[in-house]
Amino acid sequence: MDTKPVACWLTDMDGVLVHEEQALPGAADFIAALQEHQRPYLVLTNNSIFTARDLRARLLGSGIDVPEASIWTSALATAQFLADQDAGGSAYVIGEAGMTSALHDVGFVLTDRDPDYVVLGETRTYSFEAITRAIRLIDRGARFIATNPDATGPSPEGPLPATGSVAALITRATGTLPYFVGKPNPLMMRSALNAIEAHSETTVMVGDRMDTDMIAGIEAGLRTVLVLTGSTRPEEVSRFPYRPTRVLDSIADVVPLVAQLAPDEFSELSAD
1 MDTKPVACWL
11 TDMDGVLVHE
21 EQALPGAADF
31 IAALQEHQRP
41 YLVLTNNSIF
51 TARDLRARLL
61 GSGIDVPEAS
71 IWTSALATAQ
81 FLADQDAGGS
91 AYVIGEAGMT
101 SALHDVGFVL
111 TDRDPDYVVL
121 GETRTYSFEA
131 ITRAIRLIDR
141 GARFIATNPD
151 ATGPSPEGPL
161 PATGSVAALI
171 TRATGTLPYF
181 VGKPNPLMMR
191 SALNAIEAHS
201 ETTVMVGDRM
211 DTDMIAGIEA
221 GLRTVLVLTG
231 STRPEEVSRF
241 PYRPTRVLDS
251 IADVVPLVAQ
261 LAPDEFSELS
271 AD
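So, in structure tokens, the structure goes:
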């Protein structure tokens, strides 16, 4: 990574800070370093099931203390996008509290009667009845939005079908492609940058997936750090036509960079 100052940090959650709700080595130290050096940051996740408050509690349970305001989910990004597009609109939602709460908070009405949008997010129990309703609403003119294109999600028993898989089913039935808001859409990165008043030139994205975290960061103009504690294996990196700024073993290797790359005035203050 070049030595240009880094004022702000964005980091993925699963595979970077935690794995199946267990903190990864260095995760708590990384968050503590950001707070010590007063670096604005956001923890990002494509998971739309949980609210930021829920995720704060889950992270705290694993020993990582992240304020609710420092968590940015695909549900929050989707709600912000829809509020910007159609303030006071309506939506039929397939999802859980993370998605429904976010839409309520931006003033959307949730309805299954001629909504402006069908919004597809993550849920632990995809209902055939709800999917059928979504298909019929889209056929009648509702616009199709999905929180993220991830085809599967992790579980202790193995992969679970996720938003991308269900979106493909609905697309097959309707002929309508969804607009995906979450990673790898750089829109999620831009909305995160706006949330903390950060600039792409002085922000770094840390993630574990080449096909979402790294490409989204690169397309948003950020420097990127790939850590090898999640989805992407070392031998897979060279297969992609783009490269992260740096590849490190884990978030523990990123901790010293927070101080080393801090803007001069902050480095001087922390040294006093």
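Under the UniProt record's numbering, the residue at position 133 of the sequence shown is numbered 133, and the numbers go up by one with no gaps.
Virtual Cβ for every residue (Gly too), placed ideally from N, Cα, C.
With a cut-off of 8 Å on the beta carbons, I'd call residue i and residue j a contact; round off their distance for me.
i	j	result
ALA79	LEU103	5 Å
THR212	PRO5	About 26 Å separates the two Cβ atoms, so there is no contact after all.
ALA77	GLY182	6 Å
VAL247	LEU226	5 Å
ARG133	ASP112	6 Å
From the DSSP output, in three-state form, read off residue i for me.
i	result
ARG39	coil
VAL166	helix
PRO161	strand
ILE64	coil
ASP12	strand
GLY153	strand
THR108	One detail in the question is off: residue 108 reads as Phe in this sequence, not Thr. The answer is coil: DSSP assigns PHE108 none of H, G, I, E or B.
THR147	coil
VAL258	helix
SER231	coil
GLY175	coil
GLY207	strand
VAL237	helix
ILE131	helix
ILE71	strand
THR100	helix
THR78	helix
LEU193	helix
When you compare only the Cα positions, how much space is there between residue i and residue j?
i	j	result
PRO115	ARG140	10 Å
PHE108	GLY230	35 Å
SER191	ALA252	27 Å
GLY221	THR232	21 Å
ALA52	LEU60	12 Å
ALA23	VAL16	9 Å
THR123	ASP264	45 Å
MET19	ALA27	Here the sequence assigns His to residue 19, which means Met is not the residue at that position. If I take the Cα positions, the gap works out to 11 Å.
ALA198	ASP14	23 Å
SER250	GLY89	42 Å
THR176	GLY63	43 Å
LEU117	GLU157	According to the sequence as given, residue 117 is Tyr; it is not Leu. Approximately 34 Å between the Cα atoms of the pair.
ARG209	ASP65	23 Å
ARG56	LEU34	16 Å
SER74	TYR126	18 Å
ALA87	SER238	43 Å
PRO241	MET214	11 Å
PRO149	ALA259	35 Å
THR11	PRO25	15 Å
ASN46	GLY153	10 Å
THR3	THR245	11 Å
Are the CB atoms of residue j and residue i within a distance shorter than 8 Å?
i	j	result
LEU187	ALA146	no
ILE72	VAL206	Per the sequence presented here, residue 72 reads as Trp, with Ile not at that position. No.
VAL255	PHE30	yes
ALA142	TYR92	yes
SER155	MET99	no
GLY164	ALA151	yes
ILE218	ILE170	no
PRO178	PHE128	no
PRO67	ILE196	no
ASN185	ALA216	yes
ARG58	GLU96	no
Which residues does DSSP pair with residue i in a beta bridge?
i	result
ALA216	BP columns for ALA216 are empty, so no partner.
SER90	VAL109
Consider the C-beta atom of residue i and the heavy atoms of the ligand GTP; say whether any pair is separated by less than 7 Å.
i	result
ILE218	The model on display carries no ligand, and the ligand GTP is accordingly not part of it.
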